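Trainee:
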Amino acid sequence: MSKAVAGAKRLGRIPPYLFAEIDRKVQEKKRAGVDVISLGIGDPDLPTRSGVELDPSTEILPTLGSKDGISHVPLALVDPGDVVLAPDPGYTVYTTGAIMAGADPYVMPLTEANHWLPDLDAIPDEVARRARLMWLNYPNNPTAATADRHFLVHAVEFCRRHDIVLCHDAPYSEIAFDGYRPLTLFEIPGAKEIGLEFHSLSKTYNMTGWRIGWVCGRADLVGLIGQLKTNIDSGIFQAVQWAAIEALNGGEEETHAANTVYLRRHRLVAETLNKLGWNIKPPRATFYVWAPVPQGYDSIGFAGHVLDKVGVNITPGVGFGPHGEGYFRLSVTAPDARLQEAMTRMETLKL
Numbered sequence: 008m009s010k011a012v013a014g015a016k017r018l019g020r021i022p023p024y025l026f027a028e029i030d031r032k033v034q035e036k037k038r039a040g041v042d043v044i045s046l047g048i049g050d051p052d053l054p055t056r057s058g059v060e061l062d063p064s065t066e067i068l069p070t071l072g073s074k075d076g077i078s079h080v081p082l083a084l085v086d087p088g089d090v091v092l093a094p095d096p097g098y099t100v101y102t103t104g105a106i107m108a109g110a111d112p113y114v115m116p117l118t119e120a121n122h123w124l125p126d127l128d129a130i131p132d133e134v135a136r137r138a139r140l141m142w143l144n145y146p147n148n149p150t151a152a153t154a155d156r157h158f159l160v161h162a163v164e165f166c167r168r169h170d171i172v173l174c175h176d177a178p179y180s181e182i183a184f185d186g187y188r189p190l191t192l193f194e195i196p197g198a199k200e201i202g203l204e205f206h207s208l209s210k211t212y213n214m215t216g217w218r219i220g221w222v223c224g225r226a227d228l229v230g231l232i233g234q235l236k237t238n239i240d241s242g243i244f245q246a247v248q249w250a251a252i253e254a255l256n257g258g259e260e261e262t263h264a265a266n267t268v269y270l271r272r273h274r275l276v277a278e279t280l281n282k283l284g285w286n287i288k289p290p291r292a293t294f295y296v297w298a299p300v301p302q303g304y305d306s307i308g309f310a311g312h313v314l315d316k317v318g319v320n321i322t323p324g325v326g327f328g329p330h331g332e333g334y335f336r337l338s339v340t341a342p343d344a345r346l347q348e349a350m351t352r353m354e355t356l357k358l
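Going by the numbering used here, the first residue of the sequence shown is number 8, and it counts up by one from there.
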């Protein structure tokens, strides 16, 4: 995979960062058998899951939230004129990060007819040849869709065939219901040879604003991102790191309890919207509801109508890209009483 290993040409212009060089020398001493006593912060020995083995010193890089990693990956791995494949509708940073790196975003439409999965076989060969990165995000924001093993296997095979780094954004990996467990990318054979996966504590542990997450995967790719980041930030506030360790070591009881709350709220929203004429089923994952706007509205118009008439704020689908037009996103992250009040108000809508 020669295209990915070299990194962006701009990295060659960045001088070595002193503390990264010190760490490199420490690692050399350790490999030579020296018993180095480090008075710095070490990497925590965190348990793994899903049978995936990762070297915490080379295959995991802490980030200031997953957005930090997502936005900086193109700066580390792509050059002007390269193509970045991004889903639409989707998290807008996938495309804005590409633009800031001088790359050309190529939109992969997500449609209801294809279960909100991109049709990889529809990507033109000339685009695939120029592509350096592909973004996937499952469980998905904004559609709440999930990806099965068959699709992920196909995505890995596609990226290996075309020498593309597969970036999987997985902040909703722990928010799932009724026994469903989302797959990590690295459960797919061969994925770590071309893959990176991005995680965040914001969603699972209600740590939005604390700014902590990580990117993991192929060591040389993680290293290139780290090379860039040592010249951009100085790491994560130590107290936040300790809080994250406590959260990750705390077991899954709190996560299961939160998911029970989200599922109850999903059922309330589905019941309300179905009374108004929708056909909504609670999703298998995420805390989002993705639904079509009523006939006669576009997504911004309908969101404005709901806000004006009943004082409930929903997100127009077009905010996630042109292919989100005709839909809206609703989140079940409001407290139970407020969500119930919102649904009561929406029942008074005249559509």
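Beta carbons are placed, not taken as given, at the ideal position from N, Cα and C, and that holds for glycine.
Since the structure is predicted, the reported quantities are computational estimates derived from the model, not experimental observations.
Where do the N-terminal and C-terminal ends of the alpha helix (DSSP H) with Phe205 fall, by residue?
Mentor: Locating residue 205 in the sequence shown gives position 198, where the first residue counts as 1. Note, Phe205: premise wrong, no alpha helix (DSSP H); beta strand (DSSP E) at 202-207.
Trainee: Which residues does DSSP pair with Pro87 in a beta bridge?
Mentor: The residue you call residue 87 lines up with position 80 of the sequence shown. Answer is none; Pro87 lacks a bridge partner.
Trainee: If you follow the beta strand (DSSP E) that Phe335 is part of, which residue opens it and which one closes it?
Mentor: Walking along the sequence shown from the start, residue 335 turns up at place 328. Residues 334-338.
Trainee: Compute every distance between the C-beta of Pro69 and the non-hydrogen atoms of the ligand COA, then say whether any falls below 8 angstroms.
Mentor: As for the ligand COA, it is missing from this structure, which has no ligand bound.
Trainee: I think Ser73 touches His206, with their Cβ atoms under 8 angstroms apart; what is that distance to the nearest whole Å?
Mentor: The sequence position of residue 73 within the sequence shown is 66, counting from 1. The sequence position of residue 206 within the sequence shown is 199, counting from 1. Contact flag correct, Cβ pair sits at about 6 angstroms.
Trainee: Given Thr262, which residues of its chain have a CB within under 7 angstroms of its CB, disregarding the five upstream and five downstream residues?
Mentor: Walking along the sequence shown from the start, residue 262 turns up at place 255. Around Thr262: Glu181, Thr211.
Trainee: Could you give the distance in angstroms between the alpha-carbon of Pro289 and the alpha-carbon of Arg17?
Mentor: Looking up residue 289 in the sequence shown gives position 282. Looking up residue 17 in the sequence shown gives position 10. Near 46 angstroms, if we compare the C-alpha coordinates of Arg17 and Pro289.
Trainee: If you check the beta carbons only, do Val59 and Phe244 fall under 9 angstroms apart?
Mentor: In the sequence shown, residue 59 corresponds to position 52, counting from 1. In the sequence shown, residue 244 corresponds to position 237, counting from 1. The answer is no: Cβ separation not under 9 angstroms.
Trainee: Would you call the segment 285-303 and the segment 259-277 touching, i.e. three or more CB-CB distances under 8 angstroms?
Mentor: Counting Cβ pairs under 8 angstroms, three or more are found: they touch.
Trainee: Going straight from the alpha carbon of Glu35 to that of Ala129, what length do you get?
Mentor: The residue given as residue 35 occupies position 28 in the sequence shown. The residue given as residue 129 occupies position 122 in the sequence shown. Spanning the two alpha carbons is a distance of roughly 47 angstroms.
Trainee: Report yes if the CB atom of Gly328 is closer than 9 angstroms to the CB atom of Asp42, and no otherwise.
Mentor: Walking along the sequence shown from the start, residue 328 turns up at place 321. Walking along the sequence shown from the start, residue 42 turns up at place 35. Against a cut-off of 9 angstroms, the Cβ pair of Asp42 and Gly328 comes out as no contact.
Trainee: I'd like the list of long-range same chain contacts for Glu354, defined as Cβ closer than 8 angstroms, with 5 residues on each side in sequence excluded.
Mentor: Taking the first residue of the sequence shown as position 1, residue 354 is located at position 347. So the qualifying residues of the chain are Thr279, Lys282, Leu283.
Trainee: Tell me where the beta strand (DSSP E) around Gly230 begins and ends.
Mentor: Taking the sequence shown and counting its residues from 1, one reaches residue 230 at position 223. Taken as a continuous stretch (DSSP letters only), Gly230 belongs to no beta strand (DSSP E), being part of the alpha helix (DSSP H) at 226-236.
Trainee: Go ahead and label Pro131 buried or exposed: buried means 16 or more other beta carbons lie within 10 angstroms of its beta carbon, across all protein chains shown.
Mentor: Here residue 131 corresponds to residue number 124 of the sequence shown, with the count starting at 1. By the 10 Å Cβ count, Pro131 comes out exposed.
Trainee: In whole angstroms, what is the alpha-carbon distance linking Leu140 and Ala344?
Mentor: The residue given as residue 140 occupies position 133 in the sequence shown. The residue given as residue 344 occupies position 337 in the sequence shown. In a straight line, the C-alpha of Leu140 is about 43 angstroms away from that of Ala344.
Trainee: Per DSSP, what kind of secondary structure is Pro329 in: helix, strand or coil?
Mentor: Working through the sequence shown from its first residue, we reach residue 329 at position 322. Residue state, collapsed to three classes: helix.
Trainee: Could you tell me which residues DSSP pairs with Tyr187 in its beta bridges?
Mentor: Counting from one through the sequence shown, the residue named residue 187 turns up at place 180. None, per the DSSP bridge assignment.
Trainee: Tell me, please, which residues DSSP counts as bridged to Ala292.
Mentor: In the sequence shown, residue 292 corresponds to position 285, counting from 1. Looking at the DSSP assignment, Ala292 forms a beta bridge with Ala183.
Trainee: Determine, using beta carbons only, whether Tyr101 and Pro112 come nearer to each other than 9 angstroms.
Mentor: Position 94 of the sequence shown holds residue 101. Position 105 of the sequence shown holds residue 112. Yes, Cβ-Cβ distance for Tyr101 and Pro112 is below 9 angstroms.
Trainee: How far does the beta strand (DSSP E) with Tyr113 in it extend, from its first residue to its last?
Mentor: Translated into the one-based positions of the sequence shown, residue 113 becomes position 106. Taken as a continuous stretch (DSSP letters only), the beta strand (DSSP E) holding Tyr113 covers 111-116.
Trainee: Where does Thr102 sit, in a helix, a strand or coil, going by DSSP?
Mentor: For the purposes of this step, residue 102 is taken as the residue at position 95 of the sequence shown. Here Thr102 sits in helix by DSSP.
Trainee: Taking Ala110 as the reference, which of Val91, Thr118, Pro125 has the closest Cα?
Mentor: By one-based count along the sequence shown, residue 110 stands at place 103. The option with the nearest alpha carbon to Ala110 is Val91.
Trainee: Quick one, which of Val163, Asp89, His312 has its alpha-carbon nearest Val134's?
Mentor: Indexing the sequence shown from 1 puts residue 134 at position 127. Of the candidates Val163, Asp89, His312, the one whose C-alpha sits nearest the C-alpha of Val134 is Asp89.
Trainee: Taking the runs of the beta strand (DSSP E) that are 3 residues or longer, which of them lie wholly in the segment 250-323?
Mentor: Correct list: 295-299.
Trainee: With a CB to CB cut of under 7 angstroms and the five nearest residues on each side skipped, what residues in its chain are close to Leu314?
Mentor: Here residue 314 refers to the residue found at position 307 when the sequence shown is read from its first residue. Cβ neighbours of Leu314 beyond the five flanking positions: Asn320.
Trainee: Does the segment 171-181 come close enough to the segment 66-86 to have 3 or more Cβ pairs within less than 8 angstroms?
Mentor: Taking 8 angstroms as the limit for Cβ pairs, the verdict is that the segment 66-86 does touch the segment 171-181.
Trainee: Can you tell me whether Trp249 is buried or exposed, with buried defined as 16 or more other CB within 10 angstroms of its CB?
Mentor: Indexing the sequence shown from 1 puts residue 249 at position 242. Classification for Trp249: exposed.
Trainee: Skipping 5 residues on each side, what residues in its chain have a beta carbon closer than 6 angstroms to that of Met115?
Mentor: Start at 1 with the first residue of the sequence shown, and residue 115 comes out as number 108. Taken in chain order, the residues that qualify are Leu92, Pro94, Pro125.
Trainee: Over the uninterrupted alpha helix (DSSP H) stretch that includes Val134, give me the two end residues.
Mentor: Indexing the sequence shown from 1 puts residue 134 at position 127. It spans 132-137 - the alpha helix (DSSP H) in which Val134 sits, taken as one unbroken run.
Trainee: Using the rule of at least 16 other Cβ atoms within 10 Å of the residue's Cβ for burial, across every protein chain shown, is Thr215 buried or exposed?
Mentor: Residue numbering aside, residue 215 sits at position 208 when the sequence shown is read from its first letter. Under this definition Thr215 is an exposed residue.
Trainee: Assuming contact is defined by CB atoms lying nearer than 9 angstroms, are Ala360 and Tyr334 in contact in what I supplied?
Mentor: In the structure as shown, the chain starts at 8 and stops at 358, and residue 360 therefore has no counterpart that could be examined.
Trainee: Counting only the same chain and skipping the five closest in sequence on each side, list residues whose C-beta sits under 6 angstroms from that of Phe158.
Mentor: Taking the first residue of the sequence shown as 1, we reach residue 158 at position 151. These residues qualify, in order along the chain: Leu124.
Trainee: Rounded to whole angstroms, what is the Cα-Cα separation between Leu25 and Asp62?
Mentor: The sequence position of residue 25 within the sequence shown is 18, counting from 1. The sequence position of residue 62 within the sequence shown is 55, counting from 1. For Leu25, the predicted structure reports a pLDDT of 49, less than 50, and the residue's modelled location is therefore unreliable. A value from the coordinates is still provided. Going from the Cα of Leu25 to the Cα of Asp62 covers about 23 angstroms.
Trainee: Report back the beta-carbon spacing between Trp142 and Cys174 to the nearest angstrom; my notes put them in contact at under 8 angstroms.
Mentor: Taking the sequence shown and counting its residues from 1, the one referred to as residue 142 is at position 135. Taking the sequence shown and counting its residues from 1, the one referred to as residue 174 is at position 167. The Cβ separation is near 5 angstroms, so the contact holds.
Trainee: State the Cα-Cα distance for the pair Ala151 and Tyr145, rounded to the nearest angstrom.
Mentor: Residue mapping note: residue 151 aligns to position 144 of the sequence shown, counting from 1. Residue mapping note: residue 145 aligns to position 138 of the sequence shown, counting from 1. Each residue's Cα considered, the two are about 8 angstroms apart.
Trainee: On a CA-only basis, which of Lys37, Val80, Met350 is nearest Met107? Give me that one, please.
Mentor: Numbered from 1 along the sequence shown, position 100 holds the residue referred to as residue 107. Comparing Cα-Cα distances from Met107 to each of Lys37, Val80, Met350, the minimum goes to Val80.
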